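Following the working numbering, the numbering of the sequence shown begins with 7 at its first residue and continues without gaps.
Glycine included, every Cβ here is placed at the ideal spot set by N, Cα and C.
As the structure is a prediction and not an experimental result, all values here were calculated from the model.
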Amino acid sequence: MHAFVVVMPFMNPVLDFHGRWHSHFIRNTPLHLILNHFFDVFCLACRGPTRTDSIVYNCQQCRRISLHFLCANSLWRPLESRSHPHPLFYFGTECQKLFKLFDEFSERGFPFQCYKCYKLCIGVPFYRCVLCQINFHLKCVPIPYFIKSKCHIHPFTLRDCFVEDDSEKYFCDVCKEERHPKDHTYFCEECQGLFVAHIECVLHNMVEEIAPAEEPSSNLVLDFENISPRLRVKLSTDELTEEQQSDEENPAMKE
Numbered sequence: 007m008h009a010f011v012v013v014m015p016f017m018n019p020v021l022d023f024h025g026r027w028h029s030h031f032i033r034n035t036p037l038h039l040i041l042n043h044f045f046d047v048f049c050l051a052c053r054g055p056t057r058t059d060s061i062v063y064n065c066q067q068c069r070r071i072s073l074h075f076l077c078a079n080s081l082w083r084p085l086e087s088r089s090h091p092h093p094l095f096y097f098g099t100e101c102q103k104l105f106k107l108f109d110e111f112s113e114r115g116f117p118f119q120c121y122k123c124y125k126l127c128i129g130v131p132f133y134r135c136v137l138c139q140i141n142f143h144l145k146c147v148p149i150p151y152f153i154k155s156k157c158h159i160h161p162f163t164l165r166d167c168f169v170e171d172d173s174e175k176y177f178c179d180v181c182k183e184e185r186h187p188k189d190h191t192y193f194c195e196e197c198q199g200l201f202v203a204h205i206e207c208v209l210h211n212m213v214e215e216i217a218p219a220e221e222p223s224s225n226l227v228l229d230f231e232n233i234s235p236r237l238r239v240k241l242s243t244d245e246l247t248e249e250q251q252s253d254e255e256n257p258a259m260k261e
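In C-alpha cells:
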C-alpha cells in the first residue's frame, strides 16, 4: 500500500458530528491519500462503500476515518442556508459517477432522496448536510436564480454548467480556485461569461435576490444516461404514480 500524507484543512466545527471527526479536524491530524485495496468501510461524507472508489482518504492512526477522494473535494466550500441549521455541501457532476456505482455494490442501492420533496437526487448535483446525512435539490434549498452580490458589479444568473473555452481548466473568478465546467455556477450575462463563480462564493457575499420577470421552470436537468437502470425505472414509476394521483384528485381534467 502506498500512502501520501495530505493535510485536509476542513472547517473544524463544521464536521464535528462525531467524536472521531472532532479529534481529527480540531487537531488537524493528517489524513493519508491511499490507493484503495477494497477496504470494507464507509465514507463518512456520503455513507457509501469506499470500495467504489480507487483512491480514498484514510486516517492511518485509527483507520476508522475514510472519505472518497471525490467526496473530500466536495467539502471545501460550505453553504449557509436559512432552510437548514448546518452547512450544506455541493456534491457535483463528478460525484454522480461515483454514486452510480453504489447501485451495483448493494441490492438496495444508495438512492439519495431529497429531504424536502422526497424525490431522488441521483443523476443531478445536490447539496448535502454531512452532519444530518440528508440531501436537498438545488431548487429545494432553494438556490436563488437571479441575485446581486458584493463580489461583482452586475447581477448573477444561476447556470447548470458553463464552459468558457477549450481549455482543460476553469476557475472561479471570486476565490480563484478551480471549478468543474459541468457543475452549477453563477454567471454574469452582461459580461458574457467573463465572470463566473462558485455558488457558495457568490452567495457568501449576496446583497439581495432579484425577482425574475418570468419564473423559470427549472434549469436542473436529470441525466438519465448516467443513472442505473434500476433507478431509471423507479423514477419513471414515481412520475406515473404522481400522474395517477393528479387524475384522481381532478377527475374533471380527464373529460
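Straight-line gap, Leu85 to Phe132 (C-alpha atoms, nearest Å): For the purposes of this step, residue 85 is taken as residue 79 along the sequence shown, with counting starting at 1. For the purposes of this step, residue 132 is taken as residue 126 along the sequence shown, with counting starting at 1. Going by the C-alpha atoms only, they are around 12 Å apart.
For Ser234, the three-state DSSP class (helix, strand or coil): For the purposes of this step, residue 234 is taken as the residue at position 228 of the sequence shown. Only weak support exists for where Ser234 lies, its pLDDT of 47 falling under 50; the value from the coordinates is given anyway. Three-state result, Ser234: coil.
Output the boundary residues of the beta strand (DSSP E) element that contains Asn64. Position 58 of the sequence shown, counted from the start, is the residue given in the question as residue 64. Segment 61-64, the beta strand (DSSP E) holding Asn64.
Do you know whose CA, among Gln102, Ser72, Ser89, lies nearest Lys122's CA? Position 116 of the sequence shown, counting from 1, holds the residue named residue 122. For the residues Gln102, Ser72, Ser89, the minimum Cα distance to Lys122 belongs to Ser89.
Per-residue burial, Pro93 [other beta carbons within 10 Å of its own, 16 or more giving buried]: Residue mapping note: residue 93 aligns to position 87 of the sequence shown, counting from 1. So Pro93 counts as buried.
Taking DSSP as the reference, what is the three-state secondary structure of Ala78? As a first step, residue 78 is located in the sequence shown; it is residue number 72 there, counting from the start. Note: Ala78 maps to helix in three-state DSSP.
For Leu209, which residues in the same chain have their Cβ closer than 7 Å to its Cβ, ignoring the five residues on either side in sequence? Position 203 of the sequence shown, counted from the first residue, corresponds to residue 209. Taken in chain order, the residues that qualify are Leu85.
Considering only DSSP beta bridges, list what Val202 is partnered with. The residue labelled residue 202 in the question sits at position 196 within the sequence shown. Phe193, per the DSSP bridge assignment.
Measure the beta-carbon distance from Asn64 to Ile71 and round it to whole angstroms, keeping in mind my assumption that it falls under 8 Å. Counted from its first residue, the sequence shown places residue 64 at position 58. Counted from its first residue, the sequence shown places residue 71 at position 65. So it is a contact: roughly 7 Å between Cβ atoms.
DSSP three-state assignment for Gln139, whether helix, strand or coil: As a working mapping, residue 139 is identified with position 133 in the sequence shown. DSSP places Gln139 in coil when its eight states are reduced to three.
In chain order, what residues of the same chain lie with their CB nearer than 6 Å to the CB of Thr191, ignoring the 5 residues before and after it? Position 185 of the sequence shown, counting from 1, holds the residue named residue 191. These residues qualify, in order along the chain: Arg165, Phe168, Val202.
What does the alpha-carbon distance come out to for the pair Phe128 and Lys182? Against the sequence shown, residue 128 aligns to sequence position 122. Against the sequence shown, residue 182 aligns to sequence position 176. Note on residue identity: the sequence assigns Ile, not Phe, to residue 128. Ile128 and Lys182: Cα-Cα distance of roughly 29 Å.
Do Asp175 and Asn211 have their C-beta atoms closer together than 9 Å? Translated into positions along the sequence shown, residue 175 becomes position 169. Translated into positions along the sequence shown, residue 211 becomes position 205. Sequence inspection shows Lys at residue 175; the Asp mentioned does not correspond to that position. In this structure, Asn211 does not lie closer than 9 Å to Lys175 by Cβ.
When you compare each of Lys154, Arg134, Ile216, Cys49 to Ser87 by their alpha carbons, which one comes out closest? Counting from one through the sequence shown, the residue named residue 87 turns up at place 81. Here the closest residue by C-alpha is Arg134.
Over the uninterrupted beta strand (DSSP E) stretch that includes Phe152, give me the two end residues. Your numbering for residue 152 matches position 146 in the sequence shown. From DSSP, the beta strand (DSSP E) with Phe152 extends over 152-155.
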